[in-house]
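Trainee: Dumping the structure here so I can ask a few things about it.
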Amino acid sequence: MAIPVFASVNRRTALAVPTDRSHAWTQSVAILVVSLLSLLGAGWMILSFFVRWPVMLTQVMLTWSSVLQKSKVISSPAYPAALCSFNGFMTQVFVVQTDYWVFLISLCTYFILAGYKTPSSWVQDNRLILAALPWVFSVTWAGIGLGTAGYGNIGAWCWFTSDETRLLVNFIPRWAIIVAILFMYSSIYYMLHRAHRRMLSLRYFSSDGVSRQRNTEGIQQPQERPGPSTNRQPLSNIAKSEDMSNKMKNLARRMLLYPLAYMLVWTLLTAIRIYQSTRGVPAPFALQTVDK
Numbered sequence: 001m002a003i004p005v006f007a008s009v010n011r012r013t014a015l016a017v018p019t020d021r022s023h024a025w026t027q028s029v030a031i032l033v034v035s036l037l038s039l040l041g042a043g044w045m046i047l048s049f050f051v052r053w054p055v056m057l058t059q060v061m062l063t064w065s066s067v068l069q070k071s072k073v074i075s076s077p078a079y080p081a082a083l084c085s086f087n088g089f090m091t092q093v094f095v096v097q098t099d100y101w102v103f104l105i106s107l108c109t110y111f112i113l114a115g116y117k118t119p120s121s122w123v124q125d126n127r128l129i130l131a132a133l134p135w136v137f138s139v140t141w142a143g144i145g146l147g148t149a150g151y152g153n154i155g156a157w158c159w160f161t162s163d164e165t166r167l168l169v170n171f172i173p174r175w176a177i178i179v180a181i182l183f184m185y186s187s188i189y190y191m192l193h194r195a196h197r198r199m200l201s202l203r204y205f206s207s208d209g210v211s212r213q214r215n216t217e218g219i220q221q222p223q224e225r226p227g228p229s230t231n232r233q234p235l236s237n238i239a240k241s242e243d244m245s246n247k248m249k250n251l252a253r254r255m256l257l258y259p260l261a262y263m264l265v266w267t268l269l270t271a272i273r274i275y276q277s278t279r280g281v282p283a284p285f286a287l288q289t290v291d292k
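Here UniProt numbering is used: the first residue of the sequence shown is 1, the next is one more, and so on.
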């Protein structure tokens with residue numbers, strides 16, 4: 001039995017499709033403005049990467065995925081069935097691909113900073129393979145979605161019209177990725193915090209040992225003028241290590257803010273998806289606009 005991939009879009013209408021023409025206009029303008037701002041921001045990031053070459057290939061690809069994800073919003077008027085299915089396929093590809101890039105970058109960062117020699121060496125030697133993985137997974141999942149559920153009009157572009165399908169296919173994996181990133185970055189922060197405490201302890205004991213040595217030398221040989229201490233260099237090294245530890249600790253703290261911000265962004269959108277899935281009624285218009 002053939003799967004009606006290119007069935008009439010009217011038979012697959014999402015709850016969030018605006019019925020009022022003024023609502024549709026307001027929503028389209030809001031989406032256009034946000035999309036243009038996102039395109040400008042992503043373009044600026046790509047330009048800065050080329051200026052400060054070389055950079056991590058995965059970061060460039062993540063930004064490029066964001067550009068393509070935003071550009072499809074701008075070019076998505078009311079479509080016939082076949083074109084709507086194509087638009088939904090491209091939407092699904094780049095929406096989930098962004099999640100895969102975020103997870104991949106976090107995983108590579110974790111391997112390198114956590115000191116896993118074999119995995120960190122592998123990810124640095126096989127960057128092209130890593131760059132291909134998000135494309136393979138996102139295209140595969142989008143193709144499965146096209147062949148099983150199909151894509152229809154959701155009010156601003158074409159995607160899965162069922163809130164249950166979007167919740168299962170996109171939001172549950174996304175939250176699994178967020179939890180995994182939060183765990184990895186928390187582990188990195190804990191390791192760097194522990195290393196920072198060791199540096200402070202080492203500096204304290206080294207300073208205490210030098211003070212005792214100087215007091216002993218002053219008692220035994222009061223007639224000699226103390227020259228440059230041979231222990232200053234180790235103390236200088238410890239100070240440099242402590243400064244580096246502070247920088248890494250601050251970096252880890254900022255890294256930890258990323259999954260928290262990512263979680264904050266998707267909390268409201270997930271709540272809207274759950275609300276519409278369980279109630280069977282569309283969310284208020286303002287929340288629908290934020291969702292899109």
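Ideal Cβ positions, reconstructed from N, Cα and C, are used throughout, including at glycine. This structure is a prediction, so every number in the text was calculated from the model and none was measured.
Grab me the residues of Val139's own chain with a C-beta within less than 7 Å of its C-beta, minus the 5 sequence neighbours each way, in chain order.
Mentor: Cβ within range, chain order: Val93.
Trainee: Helix, strand or coil for Trp101? Go by DSSP, reduced to three states.
Mentor: Here Trp101 sits in helix by DSSP.
Trainee: Tell me, which residues are paired with Cys158 by DSSP?
Mentor: Answer is Asn153, bridged to Cys158.
Trainee: Which same chain residues end up closer than 6 Å to Met263 when comparing Cβ atoms and leaving out the 5 residues on each side of it in sequence?
Mentor: If we look at Met263 and ignore the five residues flanking it on each side, its Cβ neighbours are Ile178.
Trainee: Specify, as a first and last residue, the run of the alpha helix (DSSP H) that Phe137 falls within.
Mentor: Here the alpha helix (DSSP H) through Phe137 covers 127-148.
Trainee: I'd like to know whether the C-beta atoms of Pro259 and Ile181 end up nearer to each other than 8 Å.
Mentor: Cβ distance < 8 Å, so Pro259 and Ile181 count as in contact.
Trainee: According to the Cβ coordinates, are Tyr151 and Trp141 closer than 8 Å?
Mentor: Not closer than 8 Å, so no.
Trainee: Using the three-state DSSP reduction, which class does Lys247 fall into: helix, strand or coil?
Mentor: Helix, per DSSP.
Trainee: Considering only their Cβ atoms, is the gap separating Val96 from Cys108 smaller than 8 Å?
Mentor: Cβ atoms of Cys108 and Val96: not closer than 8 Å.
Trainee: Taking only three categories from DSSP, how would you classify Lys292?
Mentor: Residue state, collapsed to three classes: coil.
Trainee: Could you pull out every residue in the same chain whose Cβ sits closer than 7 Å to the Cβ of Arg174, ignoring the five residues on either side in sequence?
Mentor: Hits under 7 Å: Asp99, Trp266.
Trainee: Keeping to the same chain, check which residues put their C-beta closer than 6 Å to that of Asp125; ignore five residues upstream and five downstream.
Mentor: Here the set comprises nothing.
Trainee: For Thr289, which residues in the same chain have their Cβ closer than 6 Å to its Cβ, ignoring the five residues on either side in sequence?
Mentor: Cβ within range, chain order: Gln27, Ala30.
Trainee: Please determine, among Arg279, Phe89, Leu269, Ala261, the residue with the shortest C-alpha to C-alpha distance to Gly145.
Mentor: For the residues Arg279, Phe89, Leu269, Ala261, the minimum Cα distance to Gly145 belongs to Phe89.
Trainee: Assuming the contact rule is C-beta atoms closer than 8 Å, Met248 and Tyr185 should be a hit. Round their C-beta distance to whole Å, please.
Mentor: That pair is no contact at about 13 Å.
Trainee: With a 10 Å radius around its C-beta and 16 neighbouring C-beta atoms as the bar for buried, classify Val169 as buried or exposed.
Mentor: Val169 is buried by the Cβ-count criterion.
Trainee: Do you know how far the Cα of Arg198 is from the Cα of Pro282?
Mentor: Straight-line Cα distance between these residues: approximately 55 Å.
Trainee: Go ahead and label Val102 buried or exposed: buried means 16 or more other beta carbons lie within 10 angstroms of its beta carbon, across all protein chains shown.
Mentor: Val102 comes out buried.
Trainee: At the level of alpha carbons, what is the spacing between Val34 and Ala24?
Mentor: Straight-line Cα distance between these residues: approximately 15 Å.
Trainee: With distances taken Cα to Cα, identify the nearest neighbour of Tyr116 among Pro134, Leu83, Ser187.
Mentor: Of the listed residues, the one whose Cα sits closest to Tyr116 is Ser187.
Trainee: Tell me the rounded alpha-carbon separation between Phe111 and Ser120.
Mentor: One C-alpha to the other measures close to 5 Å.
Trainee: Which of the three DSSP states is assigned to Met259 in this structure?
Mentor: The question names Met, yet the displayed sequence has Pro at residue 259. Helix at Pro259.
Trainee: For Phe137, which residues in the same chain have their Cβ closer than 6 Å to its Cβ, ignoring the five residues on either side in sequence?
Mentor: Excluding sequence neighbours, Phe137 sits near Tyr100.
Trainee: Is it right to say Asn250 is buried, meaning 16 or more other beta carbons lie within 10 angstroms of its own, or is it exposed?
Mentor: Exposed, because fewer than 16 other Cβ atoms sit within 10 Å of the Cβ of Asn250.
Trainee: To the nearest angstrom, how far is the alpha carbon of Met191 from that of Leu257?
Mentor: The alpha-carbon atoms of Met191 and Leu257 are separated by roughly 16 Å.
Trainee: Under 6 Å Cβ to Cβ from Ser277, same chain only, skipping five residues before and after it: list those, please.
Mentor: Cβ within range, chain order: Asp163, Glu164, Leu167.
Trainee: What would DSSP say about Pro173, mapped onto helix, strand or coil?
Mentor: Residue state, collapsed to three classes: helix.
Trainee: Beta-carbon separation of Leu287 and Ile272 under 8 Å?
Mentor: Contact: yes.
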